[in-house]
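A quick write-up on the structure given underneath.
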């Protein structure tokens, strides 16, 4: 579904309305904005969503989709620079300014600022925001805008975690200073209770640090009036205490340098019993009086959690941190589970649950980072640390009995009795046995479960995982099976919902919520253990799908007969099943790549659409004719069977697409397709026998073809992470930005840097990809690819260098050099394609799947408009046949069938024409659609298919280039080089700044141009003759011709430089460019004629381009007559006679 958003382009001060696809990533959205508005900003820009009444302002993360953020048409987003200045205040009142990326989390910003300041342990610091004399810690895993921190606010940098303090010494003066200032403030405020002697020693050290050695000028600095600046409140009124401080200061500290004094001060603070303890004033139940709440201090340290007396700060009880198994942060309470070490949970009443949770999780994260192998499972003798499972109002769990069928994880169907085979890593026949847990959830129903699930998902979606030291005891596969079993129970409970089943639904929601927490914990632990993001990515999708399913269930519970609610709940079930398969496949290492998944899904939708059209035609036919009742009943019965079978195919394909590399899943789809084929034949047979209808037969054939495409799509799926290298996008990026660069060089030099930077970025991406390909090849091929990738890197580096020079000088010649470097980069890219034909063919197969998926989606969306437009109906039929053949060719290529590589290119070429025709017919059909949402949907499907077709066409062209004979490739490169030189020369000629060519006089230039034109005319004719002889002869002949083009261009530039005015220089250079264009035509015509000798149109084209060449040469000679006509007139006469 597409949405129209208002895009505020901050850098140029304008707002444009743009359309985006729901599945588009934020990174793709930003690229599309840059493509449509080149001067809107470069790669340092991002997409920002301003705040509303219900939504906090936020930067959209580049890896997320538009659908993830639930952006609706009409909403406003901003495209602006991510970087800005941040003012950071230190506790010593100094303020420093840093350039930051505002889209980064507070934790990332703290680390960035810490490194800039030279702090060795920046993870122990964080930011506070000071408002209305209150200080609040900023959430580490959230960005500044999401926490309301504006650009004009200053944040306070402060130490939050006291972990590596013992390592802070005089060799780390920056952190030592910060630690001293924070410790001093804590002492003076009374946060750290100390004895009278300790207070005296600390105050004396503070004097030494502040004033230096005691002498006659500062011997009375500490007076009773200023005593508050040095001592805790309990010592302010002690008579004569100021003299004790001065005596200590004068007699014992003289000669101590500042850094040593700070170190000594911090050492004394570390010896205090409360040092390193972060305290929270909470309340707990009085054990003697049940209804009474008693205040207590809850202290958090690197080692333990402490119950403390709020008055004396004496420790009442210590809970070692390794004993903590899990905890739960509710809005008004915080609960800790110490496992077997305590008889019950320890719960305190507080409004600071989130802060306590962050502090505990932060200490655990730091512990993890300090371990050499944080991901390993800790040894049995080591105590396990806590796992933050539920950051939500969930205190415990209650499981009911749920028994699932023998099927793959995530697969269930409450309305049918389908059987599913388990996949690798699944636990078949898994049943959550009834268990009695001491922990019981306070979530009482479905609605509260939705709220809790949202909190869980938001916590899990955060980039910082906050994983605990001990891995979850439950493997991902077990947690997955438990969760999907619970979701299956919820689906069953909602399938025939009545008010009397509300209690069953609530219990199912509780169990599902518990399973959600377990899966999150298991996925986090698995990610730490394997460093594989695919499992966590799938788990995030699944948690979001579960949350959506719970919300959809709540809507259905409120409106059990509303069709929209029913459909939403069904869609949410499919999403859960698909995401569950994603997790299972990622865990087993069999996750399919996204393009393969898309092709399977769209092929399944095409099956469903064709089957629905068959059913509609059959029912309409029998209802519109006078047929026997038995016939009508038979048609209706077979139609229902077909609809059910088609729905089953769509459901199974949707659920199993992510794990389609599992042969069992492919077999399940094949089985479902066979059942649909039987139903399809039965329906066709009943119609033929009772009321023959061509429309039914036609749609039945489309259904069969769509099923064949689905099975081929399943058989051609590729593995995630092994997608072919994308040559096409960098190639297109270099080409499009080269065009922009040429325009910028001529009319807007200010855009040169951005275009040059984009070319460099695309080239660098291609170089990195090429190295990946080369690593799997033999030595010779590897060397060839690496050499060509080096040429690309060198050429793109020259783009950057020449762009900087052009910006600095501002002259036309320098701008031309940038264009020349860009064209050299393009030539190097195309040379690389010629050296890696297999990789290019793989790219054709990849984009063939993408184009097939998008075209199938277009056909599905356009299917309802077929009846009103015969032209669209024919276009869909033709495109469906071509796409089906294309997917078959891809399958053959994937399976390495003989000749399959050439076959996929041929099929791709063949598909472009009918798909293009479908695009045109669908564009016309938009006018027949009245529903605005459907009209938008069809328009977006057309746009998506058009983009995919363009990618496919580019990849086919690249494959053709890669498979050209070497001589023809050399000829093309030589012609491109000559054209590039002429483009640069034209830019210089516009300012009459064409430089003289070393070694050329006007006479030698004139003679050289005449001779070169004669030679070019002859070699052009020879190329035509070679085309009529053999394909092999075309390459050498064209290479000779392009050599003569280069000679013509060189002589023409040399001659034009002797002209005193810009008009004459431009005329000669432009005419030379015309000769190069004509040579390109000759080369293409010769190649086409040699490959298709009996084609009359190519014969006529060959004759036409020879005429064009003669005219171009004549135009060049005429344009140069004003300089010296002798030699040129002679050359023109010779050429005219030959013509």
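Numbering (the working numbering), first residue to last: -18 to 1120.
Ideal placement from N, C-alpha and C gives every residue a C-beta, glycine not left out.
Fair warning: this is a prediction, and the values are worked out from it, not measured in the lab.
Rounded separation between residue i and residue j - CA only
i: residue 265; j: residue 3; result: 49 Å
i: residue 965; j: residue 972; result: 12 Å
i: residue 55; j: residue -15; result: 6 Å
i: residue 673; j: residue 606; result: 11 Å
i: residue 625; j: residue -13; result: 42 Å
i: residue 67; j: residue 27; result: 18 Å
i: residue 216; j: residue -10; result: 60 Å
i: residue 749; j: residue 722; result: 23 Å
i: residue 1032; j: residue 918; result: 57 Å
i: residue 273; j: residue 177; result: 36 Å
i: residue 835; j: residue 656; result: 26 Å
i: residue 246; j: residue 207; result: 20 Å
i: residue 185; j: residue 154; result: 20 Å
i: residue 304; j: residue 322; result: 7 Å
i: residue 1144; j: residue 496; result: Because residue 1144 is not part of the residues shown, which for the chain are -18 to 1120, the question remains open.
i: residue 680; j: residue 587; result: 11 Å
i: residue 477; j: residue 428; result: 19 Å
i: residue 385; j: residue 641; result: Note that residue 385 scores 31 on pLDDT, short of 50, meaning its location in the model is unreliable and no value can be drawn from it.
i: residue 361; j: residue 285; result: Any reading at residue 361 must be qualified, since the residue scores a pLDDT of 36, below 50, and its modelled position is unreliable; no value is offered.
i: residue 347; j: residue 146; result: 13 Å
i: residue 1096; j: residue 83; result: 58 Å
i: residue 1; j: residue -17; result: 5 Å
i: residue 161; j: residue 327; result: 35 Å
i: residue 353; j: residue 534; result: Interpretation of residue 353 is limited by its pLDDT of 42, a score under 50 that renders its predicted location unreliable; the figure taken from the coordinates is listed afterwards. Whole-angstrom Cα-Cα distance: 46 Å.
i: residue 1076; j: residue 981; result: 46 Å
i: residue 741; j: residue 329; result: 58 Å
i: residue 41; j: residue 92; result: 21 Å
DSSP beta-bridge partners of residue i
i: residue 346; result: In DSSP, residue 346 forms no bridge with anything.
i: residue 208; result: For residue 208, which the question treats as bridged, DSSP gives no partner whatsoever.
i: residue 260; result: 280
i: residue 1; result: -16
i: residue 26; result: 62
i: residue 923; result: Paired residues: none, contrary to the question.
i: residue 107; result: 139
Short CB-CB distance (under 8 Å) between residue i and chain B
i: residue 902; result: In the displayed structure, chain B is absent; only one protein chain is listed.
The alpha helix (DSSP H) enclosing residue i, as first and last residue numbers
i: residue 246; result: 239 to 251
i: residue 693; result: 675 to 696
i: residue 823; result: 818 to 843
i: residue 163; result: 154 to 170
i: residue 50; result: Where residue 50 is concerned, there is no enclosing alpha helix (DSSP H), given that its DSSP letter is neither H nor E.
i: residue 1123; result: There is simply no residue 1123 to check, as the chain begins at -18 and stops at 1120 in what is shown.
i: residue 192; result: 177 to 192
i: residue 15; result: 7 to 17
i: residue 851; result: 851 to 875
Nearest-angstrom beta carbon gap, residue j and residue i [assumed within contact, 8 Å]
i: residue 468; j: residue 564; result: Actually they do not touch by this definition, with Cβ atoms about 13 Å apart.
i: residue 72; j: residue 159; result: 7 Å
i: residue 888; j: residue 866; result: 5 Å
i: residue 853; j: residue 863; result: That belief does not hold up - the Cβ atoms of residue 853 and residue 863 are roughly 15 Å apart, past 8 Å.
i: residue 253; j: residue 188; result: The pair is not a contact, with the Cβ atoms about 19 Å apart (cut-off 8 Å).
i: residue 109; j: residue 139; result: 6 Å
Extent of the continuous beta strand (DSSP E) run through residue i
i: residue 233; result: Residue 233 -> not in any beta strand (DSSP E); alpha helix (DSSP H) instead, spanning 222 to 233.
i: residue 127; result: Run containing residue 127: none; DSSP gives neither H nor E here.
i: residue 62; result: 57 to 62
i: residue 310; result: 307 to 311
i: residue 326; result: Residue 326 -> no beta strand (DSSP E), and no H or E assigned at all.
i: residue 116; result: 115 to 118
Residue i CB to nearest heavy atom of the ligand GTP below 7 Å
i: residue 988; result: As for the ligand GTP, it is missing from this structure, which has no ligand bound.
**Item:** Whole runs of the alpha helix (DSSP H) within the stretch 575 to 606, excluding any shorter than 4 residues
**Value:** 575 to 604
**Message:** Restricting to runs no shorter than 4 residues, where is the alpha helix (DSSP H) found entirely within the stretch 516 to 569?
**Reply:** 544 to 569
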